[in-house]
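Okay, structure first, notes after.
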Amino acid sequence: MIAKSLKNKSASLADQLPFWHFDEDFMVYSDGSLGCGFKLTGIDISCLPNDEINNFSQQIENLLISAEEGLRLQLFYRLTSNVGNVLKAHEEIVNESPEVYKVVADARLNFLKQNEEFKNYFVPEYYFFVRSRPFSYPRQKFWESPKKFEAITLNEYKTHKEKFIRALKQVESSLVSARLYPERVNKIEWLNLCFNYLNLSRSEKLGIPEFKNENELFEPSINNQLTLSDLEVNRDHLRIGEHFFRTITLKTLPEGNTYSSMIEELTTSLSFHFWLSQNIHILDQTKEREKLELKRRVAYSMASGAKNVSDLESESKLSNIEELLKELIEGSQRLVSMDFTIIIWGKTLDELNDKSDEVLKAFRAMGQSEGVLETLPCLDIFIEAMPSSCTGLRQHKMKSRNASHLLPLYGNWRGSQRPVCIIPNREGSLFSFEPFFKELLNWNGLVFGGSGSGKSFTLCQLMLMFYGQRPTARIFWIDNGASSKRLLEVLDGEFVDLNLESGIRINVFDLPNGESKPSSSKIKIILAVLELILKEPNEKSLGKREKALLEEIILNVYEKALPKIPCMSDLRNTLANHPDTEMKKFAQILFSWCGNTAYGKMLDGESTINLEKDLVTIEVQGLTNHPDLKDIFLLLLTSYIQDAAAADLERPYLLTCDEAERFFKSGELAKQFIITCYRTWRKYNAGIWCLSQNYRDFLADPEIRDALMPNSTNVIILRQRKIDWDDFKTTFDFNNAQVEAIKSLKVVKGEYSEFFFLQDENQTILRMIPEPLSYWICTNDGNDKARINKTAELNPHLSKIEILKLLAFKQSSEDINASSN
Numbered sequence: 093m094i095a096k097s098l099k100n101k102s103a104s105l106a107d108q109l110p111f112w113h114f115d116e117d118f119m120v121y122s123d124g125s126l127g128c129g130f131k132l133t134g135i136d137i138s139c140l141p142n143d144e145i146n147n148f149s150q151q152i153e154n155l156l157i158s159a160e161e162g163l164r165l166q167l168f169y170r171l172t173s174n175v176g177n178v179l180k181a182h183e184e185i186v187n188e189s190p191e192v193y194k195v196v197a198d199a200r201l202n203f204l205k206q207n208e209e210f211k212n213y214f215v216p217e218y219y220f221f222v223r224s225r226p227f228s229y230p231r232q233k234f235w236e237s238p239k240k241f242e243a244i245t246l247n248e249y250k251t252h253k254e255k256f257i258r259a260l261k262q263v264e265s266s267l268v269s270a271r272l273y274p275e276r277v278n279k280i281e282w283l284n285l286c287f288n289y290l291n292l293s294r295s296e297k298l299g300i301p302e303f304k305n306e307n308e309l310f311e312p313s314i315n316n317q318l319t320l321s322d323l324e325v326n327r328d329h330l331r332i333g334e335h336f337f338r339t340i341t342l343k344t345l346p347e348g349n350t351y352s353s354m355i356e357e358l359t360t361s362l363s364f365h366f367w368l369s370q371n372i373h374i375l376d377q378t379k380e381r382e383k384l385e386l387k388r389r390v391a392y393s394m395a396s397g398a399k400n401v402s403d404l405e406s407e408s409k410l411s412n413i414e415e416l417l418k419e420l421i422e423g424s425q426r427l428v429s430m431d432f433t434i435i436i437w438g439k440t441l442d443e444l445n446d447k448s449d450e451v452l453k454a455f456r457a458m459g460q461s462e463g464v465l466e467t468l469p470c471l472d473i474f475i476e477a478m479p480s481s482c483t484g485l486r487q488h489k490m491k492s493r494n495a496s497h498l499l500p501l502y503g504n505w506r507g508s509q510r511p512v513c514i515i516p517n518r519e520g521s522l523f524s525f526e527p528f529f530k531e532l533l534n535w536n537g538l539v540f541g542g543s544g545s546g547k548s549f550t551l552c553q554l555m556l557m558f559y560g561q562r563p564t565a566r567i568f569w570i571d572n573g574a575s576s577k578r579l580l581e582v583l584d585g586e587f588v589d590l591n592l593e594s595g596i597r598i599n600v601f602d603l604p605n606g607e608s609k610p611s612s613s614k615i616k617i618i619l620a621v622l623e624l625i626l627k628e629p630n631e632k633s634l635g636k637r638e639k640a641l642l643e644e645i646i647l648n649v650y651e652k653a654l655p656k657i658p659c660m661s662d663l664r665n666t667l668a669n670h671p672d673t674e675m676k677k678f679a680q681i682l683f684s685w686c687g688n689t690a691y692g693k694m695l696d697g698e699s700t701i702n703l704e705k706d707l708v709t710i711e712v713q714g715l716t717n718h719p720d721l722k723d724i725f726l727l728l729l730t731s732y733i734q735d736a737a738a739a740d741l742e743r744p745y746l747l748t749c750d751e752a753e754r755f756f757k758s759g760e761l762a763k764q765f766i767i768t769c770y771r772t773w774r775k776y777n778a779g780i781w782c783l784s785q786n787y788r789d790f791l792a793d794p795e796i797r798d799a800l801m802p803n804s805t806n807v808i809i810l811r812q813r814k815i816d817w818d819d820f821k822t823t824f825d826f827n828n829a830q831v832e833a834i835k836s837l838k839v840v841k842g843e844y845s846e847f848f849f850l851q852d853e854n855q856t857i858l859r860m861i862p863e864p865l866s867y868w869i870c871t872n873d874g875n876d877k878a879r880i881n882k883t884a885e886l887n888p889h890l891s892k893i894e895i896l897k898l899l900a901f902k903q904s905s906e907d908i909n910a911s912s913n
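Under our numbering, read the sequence shown as residues 93 to 913, first letter to last.
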């Protein structure tokens, strides 16, 4: 690779790179300096209050103030479409999923991989490099030219390395304090990053080569291994492989005072992938103070003037110099030297010119700063800006505070390490969500959003992804409107449609296999059911005496029925023969719940459902006009799921409850049972998620609020309409940024729905963008349902999944052609 440069007209590019060799994961540069790199995790400030953003900026400033003088730092930021590691991890998870799930998993993976191929993802990556001073070689003789490589003793090198390691630990500690979670960049990662920078086209087509040990005899040097693409230098751009490159540097600093996260205005305004390189040199503060002292004396003399005539401009300059000197002496500020370079590329010059214009506009939006398109020094700046160079060309001297405001360390929360569920965020990165992440305090959740906000669709998409993990999770969905029915049909689940004509019956007195006596929790469940039946509409609960008598009678009913399991009629008969008048009244009330009555058919006698499938939906809409019966079934089914989870601790269990407010209003015992679920289900390897349209449903009752909110790790908030935003903010103790983020949530029908996701102290805005097949599996739109039914009528020989594939992938059919017309 030969490239002309202002420094050396005929030198190869490999000769102009600063690298020598690696010492473990340390880089030894050609001038004897040492370097080390970290990969950082950017901090998400989208919903943080200003004081927390300012605090983070102060921590970055402290890093620059505490760093050893002479160190050269580089932040290399690149916005890429690299999601390969996430997709690979997700593929490994779903590879072991049930066979019935393979079609869904393959469709999702193909969709994600196509988006990656088309570069539809925008993933920020942050690399922070630290480079020491050059090694202090003996002074050259006056007539002797400097050598590129000098010999030093092993002890001298060890001392030099130990000094650098001490300075490096200080920097690393500051990065940890700022919650940037630094991870050392190893040799391979380092070389891959530099190779991608110098050979973008080649790495995209052929991938990264396997690097050879540069210390072996006859093996090429690092520099030669990194330069495998032809480079052409033109007046205002470079051409490397198939891409045209251009470097744009910061010419004038922002006007007035900078502020925390100022750089966010630039990085978020660019709609394409780019690289950003910032090199910071920690200057010798003693020398800088001496220079300022000289400037202060000159300014003082100019300000005083002749015959006591003052110069206002010089007085202002004098005041600024004195203020800066005071800050330097106090140690609250440092002077650093920093450059700022954005590297862009395109397949055509027109594309490059369009991107250049957008970058220049973005510079101006950042406090009226100005950028400049580099022409003659384009190659030199490109080399100086490469990862781990730590040098830079267009240096600007500034205070450490201003430099900290211009470091692009702001990113997005990426979620858990294990991508069971993959969801894009609003910025175009992929977010990983693991509902049963072991480090979470619990696995419960709350979901609320107004009508049409996409609650059921969002939860259906999450469950569709969550079902693919191993061990296969058992998911129970108490539904209201059959929104999950198609999901059940595709994945061979069990759909239980509760209505008076269904023939479904659940015995309140059922016990787990092998047990003949009810546990204390089982007694409480039966009492809760009886309370729903027996209490008067204007009463909140039964009295203590009635509950005590009922508990005694329940135990007697079990004893009399042995070895069989009793049923509701057995209880009614016992109550009818009880000497207490109140118990006899209860027996009369139970007439409507026993035998061949409408309710008795569903509660009296042997149970007719087993709920053995991994994916079960209980549809309760058919009981809408029978609220007491509906509430009883909700309570019984929830209890059943808890018992199943307790008997199978190796598998995760998840219960999703639509219309959760029905639980809270059913009665005191029912409410206490749900509260217990939220507080104790983690020990059963289980979680419970409740859905509601109104956030007040979770908070109106102080007891419910105090139980659910502290024990819900996951909170999903969808679009809200016509609510009291001041009350909303106060209720959740949200800051203004969080409220504004929730107000901005969007739903674009047929394309995506956004939601605010809160998990412990982390938060982000996610955008549910379904791939075509999962869209047709989860859609509840009336027109979509009609189209599915019509396609099924025209193709009676096809299974449900094949019909949905037909619609999703636009294969030829009369139905699709008719719909398009």
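Quick reminder that beta carbons are idealized off the backbone N, C-alpha and C, glycines included.
Owing to the predicted nature of the structure, the values given are computational and were not obtained by experimental measurement.
For the segment 192-267, list the beta strand (DSSP E) runs that are entirely contained and at least 3 residues long, ordered along the chain.
-> List check, beta strand (DSSP E) in window: 215-223.
Where T483 falls: helix, strand or coil (DSSP) | Coil, per DSSP.
For S97, which residues from the same chain have a beta carbon less than 7 Å from its beta carbon, with the 5 sequence-adjacent residues on both sides left out?
-> Any reading at S97 is ruled out, since the residue's pLDDT is 39, under 50, leaving its predicted position unreliable.
Count the CB pairs spanning the segment 457-464 and the segment 315-335 that are closer than 8 Å, and state whether there are at least three.
-> The segment 457-464, when compared against the segment 315-335, does not touch it at the 8 Å Cβ threshold.
DSSP three-state assignment for F820, whether helix, strand or coil = Shown here, F820 sits in a helix according to DSSP, grouped into three states.
Quick one: Cα of Y193 to Cα of E894, how far?
-> Note on geometry: alpha-carbon atoms of Y193 and E894 lie some 13 Å from one another.
Taking Cβ to Cβ, would you say V186 is nearer than 9 Å to R164?
-> Taking 9 Å as the cut-off, the beta carbon of V186 is found no closer than this to the beta carbon of R164.
Ignore the nearest five residues each way along the sequence and tell me which others in D136's own chain have a CB closer than 7 Å to its CB.
-> Correct list, in chain order: G503, N504, W505, T856.
Residues near I94 in its chain [Cβ-Cβ closer than 6 Å; skip 5 each side] | Only weak support is given to the placement of I94: the predicted model assigns it a pLDDT of 36, under 50, and the value that follows is read from those uncertain coordinates. Excluding sequence neighbours, I94 sits near S104.
If R566 sits next to E188, beta carbons under 8 Å apart, how far is it from one beta carbon to the other, in whole angstroms?
-> Not confirmed; about 16 Å, so no contact.
Whole-angstrom Cβ separation of I76 and I436, contact assumed at under 8 Å?
-> Because the chain spans 93 through 913 in this model, residue 76 falls outside it and cannot be assessed.
Measure the alpha-carbon distance for L358 versus F337 and round it to whole angstroms.
-> Computed Cα separation, rounded: 19 Å.
DSSP-derived helix/strand/coil call for G542 | Coil at G542, not helix or strand.
Mind checking who V428 pairs with in its DSSP beta bridge?
-> As a beta-bridge residue in DSSP terms, V428 pairs with I374, M490.
Check whether the Cβ atoms of D328 and S369 sit closer than 9 Å, and answer yes or no.
-> No, the pair does not count as a contact, with Cβ atoms beyond the cut-off.
Tell me the DSSP bridge mates of T433?
-> The partner list for T433 (beta bridge, DSSP) reads T341, S369.
Neighbour-count burial assignment, H252, 16 or more Cβ in a 10 Å radius | Around the beta carbon of H252, a 10 Å sphere encloses 16 or more other beta carbons of the protein chains shown; the residue is thus reported as buried.
Could you give the DSSP three-state label for K614: helix, strand or coil?
-> If DSSP states are grouped into helix, strand and coil, K614 belongs with the helices.
Pull up the distance between the alpha-carbon of Q487 and that of I434, whole angstroms please.
-> Distance from the CA atom of Q487 to the CA atom of I434, rounded to whole angstroms, is 14 Å.
Near A454, what residues of its chain come up, given a Cβ to Cβ distance below 7 Å and the 5 sequence neighbours on each side ignored?
-> Excluding residues within five positions, the ones whose Cβ falls inside 7 Å are L358, S361, L362.
Beta-carbon spacing of I796, T748 below 9 Å = T748 is positioned such that its CB atom lies no closer than 9 Å to that of I796.
Three-way DSSP call (helix, strand, coil) for F568 in this model = F568 falls in the strand class under three-state DSSP.
Kindly indicate which three-state DSSP category D107 falls into: helix, strand or coil?
-> Helix at D107.
Start and end of the beta strand (DSSP E) containing T467?
-> Where T467 is concerned, there is no enclosing beta strand (DSSP E), given that its DSSP letter is neither H nor E.
Exposed unless 16 or more other CB atoms sit within 10 angstroms - verdict on T673 = Per the 10 Å Cβ criterion, exposed.
Extent of the continuous beta strand (DSSP E) run through Q553 = Premise fails: Q553 lies in the alpha helix (DSSP H), 547-558, not in any beta strand (DSSP E).
Span of the alpha helix (DSSP H) holding M694?
-> M694 -> alpha helix (DSSP H) spans 692-695.
Helix, strand or coil: which one does DSSP assign to G573?
-> When secondary structure is reduced to three states using DSSP, G573 falls in the coil class, being assigned neither helix nor strand.
Alpha-carbon spacing of L590 relative to P274, whole angstroms | If you draw a straight line from the Cα of L590 to the Cα of P274, it comes to about 54 Å.
Does the beta-carbon distance from F725 to I598 come in below 9 Å?
-> Less than 9 Å divides the Cβ of F725 from the Cβ of I598.
Considering only C-alpha positions, which residue in the set I815, N669, G520, P527 is nearest to V512?
-> Comparing Cα-Cα distances from V512 to each of I815, N669, G520, P527, the minimum goes to P527.
What residue range is occupied by the uninterrupted alpha helix (DSSP H) comprising P516?
-> Run containing P516: none in the alpha helix (DSSP H); it sits in the beta strand (DSSP E), 513-516.
Proximity of E208 and V175 at Cβ, strictly below 9 Å = Yes; because the gap between Cβ atoms is below 9 Å, this pair is in contact.
With 16 other Cβ atoms within 10 Å as the buried cut-off, status of K841 | Exposed, because fewer than 16 other Cβ atoms sit within 10 Å of the Cβ of K841.
In terms of residue numbering, what span does the alpha helix (DSSP H) encompassing Q317 cover?
-> DSSP places Q317 in the uninterrupted alpha helix (DSSP H) bounded by 314-318.
Express the C-alpha separation of S138 and E753 in angstroms, rounding to a whole number.
-> Rounded to the nearest whole angstrom, the C-alpha separation of E753 and S138 is 31 Å.
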